[in-house]
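Here is the structure we will look at.
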Ligand code: SF4
Ligand code: SF4
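Residue numbers (my numbering), protein chains in the order written: chain A, 1 to 473; chain B, 1001 to 1313.
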């Protein structure tokens, strides 16, 4: 056993995060990212305020009404019975994610993920208040003076406001937004609203303000298994090593290495080691080290390098969307590979199933349950009566006028408890009835299969039936 | 395993452990937020111990400083506020008083309070509320004798029988008012024993006649005819034709429903005769307790609505 060198500093058990101050950049991917951001925020922040007239129910276009057990999505009203559609929607989202990831890598992470979107917005605030990378780095090194307190404080204040509005907007999806707004600030909202807003505000502030790329690197489970969806033909943000490094590596611009011809003659690659691609990276990595877990495929390094290349008049695309295979062999990837087709078919199938599910939502739920205590009763005239509990749930936005028919029992008399003769179910409501079925006793018969049928008097709905049984003994 | 100091500057720290010549164990530090999150859980635990019941000691436990308040009503209807340390029982009490469903129930109760029975029954929603409340009350107070579904018990032993409430036969009448008064005041059902009056042949004849009233199969016509004369004794209560009298709770003997002895369940006519003879011989004493001092008039009203709709009337 050899001795251990103790002169070196003991490593600390815990490591502080090194703040990343990405430089802002202009370009194709930045524009795409910004447009996604504007669209997503537009939807998220404005949607709860959109009004929508309904015959019954709230006037809010999108409302997840938990106490009322209804999800309102424009003209679609989801009842608890149809909540499986949500499962279908989640499955679709998963397949879509697999499909896209197989095709273009972590596109979701780079452009659509909440963490990315909110971090991006928070970075923009930093940029507006504290200036770009260089100024921010300088500020970071400054002692805590008036300027630093002021700038950092203002940043934090704006962050908090955004985080609060994020939390409140989320809460507004679960209650009438204008009412909630008024109640919230007068202290009359339900505690769930304050708790939800508070938790979301706090998590937004922590995740987008302070944790940032650490969420992507350490916390996000998706980051861990995305690689299984990649293959050699998946388009990824890649640094073209062959072009960048040449045969003798990357060299900064210097005398004798200014033009491409000069560099190529000496075997030097096209990368001038300006490190702009590293400076713009929101997760603080160097794409030139190859594919990494921390890369969220935001494409900002592509914009950065393209800017450099354009400035020099060299061809763009030293960093670009390319597949591993393309970088190695120069072969363009074929988009019609087995994996993509498979994911694609699965996505189409699930979409079809979901649309079918949406179209086949029944306008009414109807259930009949035989009362088992007692199973049958002898009436004073010797006939037999069975009782049933019937539940009708009108899921439409219009009242229903229904009639109950019974099939399969000779001489049967059906009456509805309470003496009702018609079944008028108000829009979007459930009614319970007790049904009495009376029939002459038949010797030697113990049980009879019967069918209850619910017929729409206005003929808007096809009759729905429900099997049950009639017991004589 | 050997230890080699291979850590060069800028390289990932290793623990110095090496296996198989080249397998090294990295020593990557945990990020600091992770550590803070861990400390956070410790602080959380301490705060929790202080607020809520947590630690057992000497036959009891630390109660915590968090409390739950709820109001209770004593026998005279006076209300007072009780504050207890946080516990699930107190939470339950509070829930029963102020949860949304408890409030909704109160609202419904207030709504049906001033409605007549006819008004309650005319609207599916109020009827639904009344029957579901009534069903719960029935389960607590009536089901022990009449069965959870009100199906009663029909035994060969008249003392072990309890009337079926789900048929369309009402011994004491089916008006809401009558049902309310029966539940409130209880019922005292009494048929005297006629064992001293009718014996042997005479008893058999009378029983055969009673069975013939509801057209039971296998009745001996001759015996029944003989028994008809004796029925004069019974007519005072059951009526000259045996049609019963709801005012005094004398059952109708001409229908197919039997309330106290299991005649429909008896296989042979002899068994049926035996059962009826038993009732004439020993009489019947049935007692339903009065619920007027256990339940509020409001509760009894709801119970009456529930009971009345059981059989479909
Ligand atoms: S390496 Fe490039 S694509 Fe990846 S996260 Fe950094 S800037 Fe975005
Ligand atoms: S931006 Fe382009 S040229 Fe500059 S270091 Fe990165 S890869 Fe090299």
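The C-beta atom is built at its ideal place from N, Cα and C for all residues, glycine as well. Since we're looking at a predicted model, the values are computed, not measured.
**Asked** Say the cut is 8 Å; is the CB of residue 270(A) nearer than that to a heavy atom of ligand 2?
**Response** Correct: residue 270(A) has its Cβ closer than 8 Å to ligand 2.
**Request:** Using beta-carbon positions only, say whether residue 437(A) and residue 413(A) come within less than 9 Å of one another.
**Result:** Contact flag set, yes.
**Request:** Would you mind sorting residue 298(A) into buried or exposed? The rule is 16 or more other CB atoms within 10 Å of its CB.
**Result:** Its Cβ being crowded by 16 or more others within 10 Å, residue 298(A) is buried.
**Message:** Against chain D, which members of the segment 362 to 388 of chain A pass a CB distance test of less than 8 Å?
**Reply:** Among the chains of the structure shown, chain D does not appear; the protein chains present are A and B.
**Asked** Does any heavy atom of ligand 1 sit closer than 8 Å to the C-beta of residue 91(A)?
**Response** The answer is no for residue 91(A).
**Request:** Anything in chain A within Cβ reach of residue 1127(B), meaning under 7 Å, just list it in chain order.
**Result:** In chain order, 418 make up the part of chain A whose C-beta sits under 7 Å from the C-beta of residue 1127(B).
**Item:** Distance cut-off 8 Å: residue 67(A) Cβ against heavy atoms of ligand 4
**Value:** Ligands in the displayed structure: ligand 1 and ligand 2; ligand 4 is not one of them.
**Message:** Can you tell me whether residue 1216(B) is helix, strand or coil according to DSSP?
**Reply:** Residue state for residue 1216(B) is assigned as coil, using DSSP reduced to three classes.
**Request:** Mind checking who residue 319(A) pairs with in its DSSP beta bridge?
**Result:** Answer is 239(A), bridged to residue 319(A).
**Asked** By Cβ distance, which residues of its chain are closer than 8 Å to residue 325(A), with the 5 residues on each side in sequence left out?
**Response** Closer than 8 Å at Cβ, skipping near neighbours: 232, 233, 331 and 333.
**Prompt:** Exposed or buried, which one is residue 434(A) when buried takes at least 16 other CB atoms within 10 Å?
**Reply:** Its Cβ being crowded by 16 or more others within 10 Å, residue 434(A) is buried.
**Asked** In the DSSP assignment, what are the bridge partners of residue 1188(B)?
**Response** Partner(s): 1287(B).
**Coil, strand or helix - residue 1066(B) by DSSP** = Note: residue 1066(B) maps to coil in three-state DSSP.
**Neighbouring residues, chain A, relative to residue 1100(B) (Cβ below 8 Å)** = Result: 67.
**Request:** Could you spell out the range, first to last residue, of the alpha helix (DSSP H) harbouring residue 1048(B)?
**Result:** 1032 to 1051 is the extent of the alpha helix (DSSP H) around residue 1048(B).
**Message:** How far does the beta strand (DSSP E) with residue 470(A) in it extend, from its first residue to its last?
**Reply:** For residue 470(A), the uninterrupted beta strand (DSSP E) segment begins and ends at 464 to 471.
**Asked** For residue 363(A), does the three-state DSSP call read helix, strand or coil?
**Response** Note: residue 363(A) maps to coil in three-state DSSP.
**Item:** With 16 other Cβ atoms within 10 Å as the buried cut-off, status of residue 454(A)
**Value:** Buried, because 16 or more other Cβ atoms sit within 10 Å of the Cβ of residue 454(A).
**Request:** Taking residue 1163(B) as the query, report the chain A residues whose CB atoms sit under 9 Å from its CB, ordered along the chain.
**Result:** For residue 1163(B), no chain A residue has a C-beta closer than 9 Å to its own C-beta; the minimum C-beta separation is roughly 12 Å.
**Asked** Hey, quick one: how far does the beta strand (DSSP E) through residue 424(A) stretch, first residue to last?
**Response** Taken as a continuous stretch (DSSP letters only), the beta strand (DSSP E) holding residue 424(A) covers 423 to 425.
**Prompt:** Below 9 Å between beta carbons: does that hold for residue 423(A) and residue 416(A)?
**Reply:** Taking 9 Å as the Cβ cut-off, residue 423(A) and residue 416(A) qualify as a contacting pair.
**Message:** Please identify, using Cβ separations under 7 Å, the residues of the segment 1256 to 1285 of chain B that lie next to chain A, in order along the chain.
**Reply:** Going along the segment 1256 to 1285 of chain B in chain order, one finds 1256, 1257 and 1264 with a Cβ nearer than 7 Å to chain A.
**Request:** In angstroms with no decimal places, state the Cα-to-Cα distance between residue 1227(B) and residue 440(A).
**Result:** About 31 Å.
**Beta-bridge pairing of residue 453(A) - partner residues as DSSP gives them** = The partner list for residue 453(A) (beta bridge, DSSP) reads 405(A) and 465(A).
**Item:** Distance between residue 106(A) and residue 293(A) (C-alpha atoms, nearest Å)
**Value:** One alpha carbon belongs to residue 293(A), the other to residue 106(A), and they sit about 10 Å apart.
**Request:** In the DSSP assignment, find the unbroken alpha helix (DSSP H) run with residue 1227(B) in it and report its ends.
**Result:** In the DSSP annotation of this structure, the continuous segment of the alpha helix (DSSP H) that includes residue 1227(B) starts and ends at 1221 to 1230.
**Asked** Around the C-beta of residue 311(A), are 16 or more other C-beta atoms found within 10 angstroms, so that it is buried, or is it exposed?
**Response** Exposed: under 16 other Cβ atoms inside 10 Å.
**Per-residue burial, residue 445(A) [other beta carbons within 10 Å of its own, 16 or more giving buried]** = Taking all protein chains in view, the Cβ of residue 445(A) is surrounded by fewer than 16 other Cβ atoms within 10 Å, so the residue is classified as exposed.
**Asked** residue 1182(B): which of 1047(B), 1308(B) and 1312(B) sits nearest, CA to CA?
**Response** Ranking 1047(B), 1308(B) and 1312(B) by Cα distance to residue 1182(B) puts 1308(B) first.
**Prompt:** Quick one, are the C-beta atoms of residue 1054(B) and residue 1064(B) less than 9 Å apart?
**Reply:** Closer than 9 Å, so yes.
**Asked** Going by the CB atoms, is the gap between residue 239(A) and residue 287(A) shorter than 9 Å?
**Response** Yes, the pair counts as a contact, with Cβ atoms nearer than the cut-off.
**Request:** Reducing DSSP to helix, strand and coil, say where residue 1238(B) ends up.
**Result:** Reduced to three states, the DSSP call for residue 1238(B) is helix.
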